[in-house]
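Here the structure comes first, spelled out in structure tokens, and everything after it is commentary.
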Amino acid sequence: MPLKTILNDLRQFVEDEQKANYEQLFEVWEKPIRHKLKSGESQHIKTIKRTDKNYLTLTLGDNESRLREGDMICLHLSDPMEKRHINQATIEAEYENEWLVRVHIANNESLEALANGCYADPDTMDLKAFYDKALDEVAVSRIGREVVLPLLADQLQTGFIFEDNYDDAADRAEAAGLNEQKIYAISKSFAAKYLDCIQNPPGTGKTKVISLIAKLLVEEGHRVLITSHTHMAINNTLNKIAGEQVPLVKVGARGCTKGLDNVIPHVEYGSYWKDQPESGYVIGATPFATCSARLENYQFNTVIFDEASQVTLPLAVMAMRKAKRFVFVGDHKQLPPVVLSASVLSDYSIFSRLISGNQDVSVMLNQTYRMCRSLSHWPSEHYYQGELVSAGLNADRCFSLLNTPGKYVDVLSEAHPFVFIQSPGLNTKYINRAEAQLVVDIIENAISSGLDAAEIGVVTPFRSHAKALKTRLINRGLFSSAPIVMDTVERMQGQEREMIIISLCASDPQYLEAIAGFFFQAERLNVAITRPKTKLILIGPVLSENFANHCDDAVLQKSIDDYRSLISSAYQIQRAD
Numbered sequence: 152m153p154l155k156t157i158l159n160d161l162r163q164f165v166e167d168e169q170k171a172n173y174e175q176l177f178e179v180w181e182k183p184i185r186h187k188l189k190s191g192e193s194q195h196i197k198t199i200k201r202t203d204k205n206y207l208t209l210t211l212g213d214n215e216s217r218l219r220e221g222d223m224i225c226l227h228l229s230d231p232m233e234k235r236h237i238n239q240a241t242i243e244a245e246y247e248n249e250w251l252v253r254v255h256i257a258n259n260e261s262l263e264a265l266a267n268g269c270y271a272d273p274d275t276m277d278l279k280a281f282y283d284k285a286l287d288e289v290a291v292s293r294i295g296r297e298v299v300l301p302l303l304a305d306q307l308q309t310g311f312i313f314e315d316n317y318d319d320a321a322d323r324a325e326a327a328g329l330n331e332q333k334i335y336a337i338s339k340s341f342a343a344k345y346l347d348c349i350q351n352p353p354g355t356g357k358t359k360v361i362s363l364i365a366k367l368l369v370e371e372g373h374r375v376l377i378t379s380h381t382h383m384a385i386n387n388t389l390n391k392i393a394g395e396q397v398p399l400v401k402v403g404a405r406g407c408t409k410g411l412d413n414v415i416p417h418v419e420y421g422s423y424w425k426d427q428p429e430s431g432y433v434i435g436a437t438p439f440a441t442c443s444a445r446l447e448n449y450q451f452n453t454v455i456f457d458e459a460s461q462v463t464l465p466l467a468v469m470a471m472r473k474a475k476r477f478v479f480v481g482d483h484k485q486l487p488p489v490v491l492s493a494s495v496l497s498d499y500s501i502f503s504r505l506i507s508g509n510q511d512v513s514v515m516l517n518q519t520y521r522m523c524r525s526l527s528h529w530p531s532e533h534y535y536q537g538e539l540v541s542a543g544l545n546a547d548r549c550f551s552l553l554n555t556p557g558k559y560v561d562v563l564s565e566a567h568p569f570v571f572i573q574s575p576g577l578n579t580k581y582i583n584r585a586e587a588q589l590v591v592d593i594i595e596n597a598i599s600s601g602l603d604a605a606e607i608g609v610v611t612p613f614r615s616h617a618k619a620l621k622t623r624l625i626n627r628g629l630f631s632s633a634p635i636v637m638d639t640v641e642r643m644q645g646q647e648r649e650m651i652i653i654s655l656c657a658s659d660p661q662y663l664e665a666i667a668g669f670f671f672q673a674e675r676l677n678v679a680i681t682r683p684k685t686k687l688i689l690i691g692p693v694l695s696e697n698f699a700n701h702c703d704d705a706v707l708q709k710s711i712d713d714y715r716s717l718i719s720s721a722y723q724i725q726r727a728d
């Protein structure tokens with residue numbers, strides 16, 4: 152592919168995404184407030200209190216919205232199209248009935264206008280200038296013309312490695328007691344001239360791999376950038392690297408340190424790092440920081456991308472323009488990037504694009520330390536060519552309760568690691584009260600039989616169904632006092648629990664056909680079923696033989712067939728009681 156073509160495609164992608172983003176936002180803003188409160192697109196705010204120069208505490212009204220921690224919001228009195236008193240505020244933390252919100256500007260006049268109650272709607276920030284700046288630079292810079300664009304256009308010879316570096320890294324990784332594939336991944340990443348891609352299926356221990364790669368590079372005097380699409384991903388990786396005793400810092404706004412260990416220094420701008428060595432260090436920051444005063448004047452030897460399967464090509468280019476060597480760690484069999492437009496790019500994810508065209512520089516970590524053998528077998532066969540195997544302490548472990556459950560004995564039996572129950576209720580859509588009751592009953596029996604509530608997770612595709620589940624757990628006294636994690640697939644990626652219940656909720660055939668692309672998406676299914684260690688309970692619809700038989704989308708049809716195969720591999724319970 153010509154370099155000009157890939158550059159034009161990247162620019163078009165940015166244009167299309169910006170347009171789709173604003174169209175989607177304005178569609179929400181234009182709806183009547185009463186409809187948005189009911190649908191969860193808006194949140195009623197009772198009171199606002201300033202807690203710091205750039206922080207507000209919002210007391211929430213009675214409705215439950217889709218807005219979550221990390222989302223950007225605007226505050227208005229009823230019509231955000233007419234007037235928004237506060238723009239581009241970020242929900243920094245969620246509490247029982249409050250949000251802690253970070254704002255750029257909140258003058259007294261705005262707060263007085265909102266004092267008697269207001270509403271929060273989703274908001275966005277126009278990031279196109281960052282993308283344009285990055286693309287303009289790679290179009291003319293030496294790194295862009297000789298490395299970044301040729302790499303994306305499949306014109307760069309990526310297979311070269313420095314053999315001495317490979318051998319040294321292999322010795323270090325072996326001495327650390329790592330398995331064969333991790334040794335291979337670390338050695339290739341350390342020795343590659345330009346590129347290495349590491350695929351990390353669920354539970355395979357990527358952070359240990361990244362941390363040792365970073366340590367070896369720092370010892371060689373490399374300036375290393377750790378980056379990803381979220382601060383949380385960056386912080387998790389930095390926490391692991393900190394154990395290697397290398398110089399490191401997190402660069403970003405004051406609110407970007409959630410989950411970051413206190414021992415790791417944080418500065419808002421790279422130039423504020425007082426203890427920075429001349430070479431041999433790690434900086435953690437988002438790609439956007441490299442396009443702003445935070446890191447604009449920095450150059451790196453190596454950029455390591457974590458969760459690279461969720462990083463779009465233009466976002467990756469933003470950071471890639473700062474180095475000549477790249478390590479991408481991700482799993483294209485899990486969730487892809489969120490893309491709003493009908494993109495001109497065949498691969499949205501930088502990881503998908505690079506791993507498909509550079510098999511000689513890719514390696515898959517093949518031992519999962521999370522799932523027992525019974526639970527890893529199906530995803531291994533269907534998503535990882537049968538190469539993913541269980542290892543470590545969990546490999547042969549069985550689900551176990553201290554006491555025999557009063558109900559749901561078969562469901563909670565150690566003899567059945569994977570159980571399927573048909574969704575109760577007829578023609579249900581995005582909320583299923585009978586299924587919510589069933590899930591809560593199973594949870595209550597598991598806890599009363601000795602399972603720690605912290606070891607229970609519930610995954611559901613619909614927020615309204617999650618709300619119904621939460622309400623019932625609260626009514627049973629199980630939610631406020633017990634740390635049961637309950638969320639959508641998107642927010643469960645990277646988490647694990649002893650027992651996972653997947654509550655799919657929907658059973659209406661027409662509704663299922665309408666949302667089939669979302670509901671049966673292979674990457675979503677893979678994430679959901681690979682969260683548990685020893686017990687997986689799937690509650691979902693049984694599909695008729697002629698379901699979606701008119702489907703001419705081969706990818707979707709395979710996803711539907713995979714769902715049927717998954718059900719057939721489970722221990723099936725006709726009536727759960």
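For the record, in the sequence shown the residue sitting at position 33 is 184 according to the working numbering, with numbers rising by one throughout.
The beta-carbon is built from N, C-alpha and C at its ideal position, and this holds for glycine as well.
Quick caveat: nothing in here was measured; it's all calculated off a predicted structure.
{"Asked": "Of the listed residues 555, 606, 557 and 529, nearest to residue 652 (C-alpha basis)", "Found": "606"}
{"Asked": "Which of helix, strand or coil DSSP assigns to residue 276", "Found": "coil"}
{"Asked": "Classification of residue 647 by the beta-carbon crowding that lies within 10 angstroms, buried from 16 upward", "Found": "buried"}
{"Asked": "Residue 460 vs residue 482 beta-carbon contact at 8 angstroms", "Found": "yes"}
{"Asked": "Per DSSP, the bridge partner or partners of residue 401", "Found": "417 and 435"}
{"Asked": "Proximity winner among 690, 697, 717 and 612, relative to residue 217 (alpha-carbon distances)", "Found": "612"}
{"Asked": "Complete alpha helix (DSSP H) runs within the stretch 448 to 530 (minimum length 4 residues, chain order)", "Found": "464 to 471 and 501 to 508"}
{"Asked": "C-alpha gap between residue 413 and residue 641, whole angstroms", "Found": "27 angstroms"}
{"Asked": "With 16 other Cβ atoms within 10 Å as the buried cut-off, status of residue 551", "Found": "exposed"}
{"Asked": "is_contact[residue 182, chain D] using C-beta, thresh 8 angstroms", "Found": "No chain D is present in this structure, which holds just one protein chain."}
{"Asked": "Outcome for residue 201 when other beta-carbon atoms lying within 10 angstroms are tallied against a minimum of 16", "Found": "exposed"}
{"Asked": "Residue of 420, 588 and 226 minimising C-alpha distance to residue 625", "Found": "588"}
{"Asked": "Distance CB(residue 523)-CB(residue 488) smaller than 8 angstroms", "Found": "no"}
{"Asked": "Rounded distance between the beta-carbons of residue 345 and residue 307, thought under 8 angstroms", "Found": "6 angstroms"}
{"Asked": "Close Cβ partners of residue 300 (< 7 angstroms) along its chain, the five nearest in sequence each way excluded", "Found": "154, 157, 158 and 289"}
{"Asked": "Bridge partner(s) assigned by DSSP for residue 348", "Found": "479 and 513"}
{"Asked": "Start and end residues, alpha helix (DSSP H) containing residue 616", "Found": "614 to 626"}
{"Asked": "Best match in 291, 198 and 233 for proximity to residue 177 [C-alpha to C-alpha]", "Found": "233"}
{"Asked": "Backbone secondary structure at residue 186 - three-state DSSP", "Found": "helix"}
{"Asked": "Status (buried if at least 16 other CB within 10 Å, exposed otherwise) for residue 792", "Found": "Because the chain here runs from 152 to 728, residue 792 falls outside it and cannot be looked at."}
{"Asked": "Presumed contact (8 angstroms Cβ cut-off) between residue 431 and residue 369, rounded CB distance", "Found": "5 angstroms"}
{"Asked": "Status (buried if at least 16 other CB within 10 Å, exposed otherwise) for residue 428", "Found": "exposed"}
{"Asked": "Limits of the beta strand (DSSP E) - the one that residue 206 falls within", "Found": "206 to 211"}
{"Asked": "Close Cβ partners of residue 596 (< 7 angstroms) along its chain, the five nearest in sequence each way excluded", "Found": "556, 557, 558, 559 and 563"}
{"Asked": "Buried/exposed call for residue 204, threshold 16 Cβ in 10 Å", "Found": "exposed"}
{"Asked": "Neighbourhood of residue 406 by C-beta distance below 7 angstroms, restricted to the same chain and skipping five residues each side", "Found": "241, 243 and 253"}
{"Asked": "Residue 278 vs residue 320 beta-carbon contact at 8 angstroms", "Found": "no"}
{"Asked": "Buried/exposed call for residue 295, threshold 16 Cβ in 10 Å", "Found": "buried"}
{"Asked": "3 or more residues per run - each beta strand (DSSP E) lying fully within the stretch 637 to 662", "Found": "648 to 654"}
{"Asked": "Every unbroken beta strand (DSSP E) inside the stretch 216 to 287 [3 residues or more]", "Found": "223 to 227, 237 to 245, 249 to 253 and 269 to 273"}
{"Asked": "The stretch 572 to 580 in contact with the stretch 525 to 534 per 3-pair CB rule at 8 angstroms", "Found": "no"}
{"Asked": "Beta-bridge partners of residue 379, as assigned by DSSP", "Found": "Per DSSP, none; premise fails for residue 379."}
{"Asked": "Close Cβ partners of residue 231 (< 6 angstroms) along its chain, the five nearest in sequence each way excluded", "Found": "180, 225 and 272"}
{"Asked": "Exposure of residue 682, with buried meaning 16 or more beta-carbon neighbours within 10 Å", "Found": "buried"}
{"Asked": "8 angstroms Cβ cutoff met for residue 609 and residue 602", "Found": "no"}
{"Asked": "Test item: CB-CB of residue 469 and residue 285 under 8 angstroms", "Found": "yes"}
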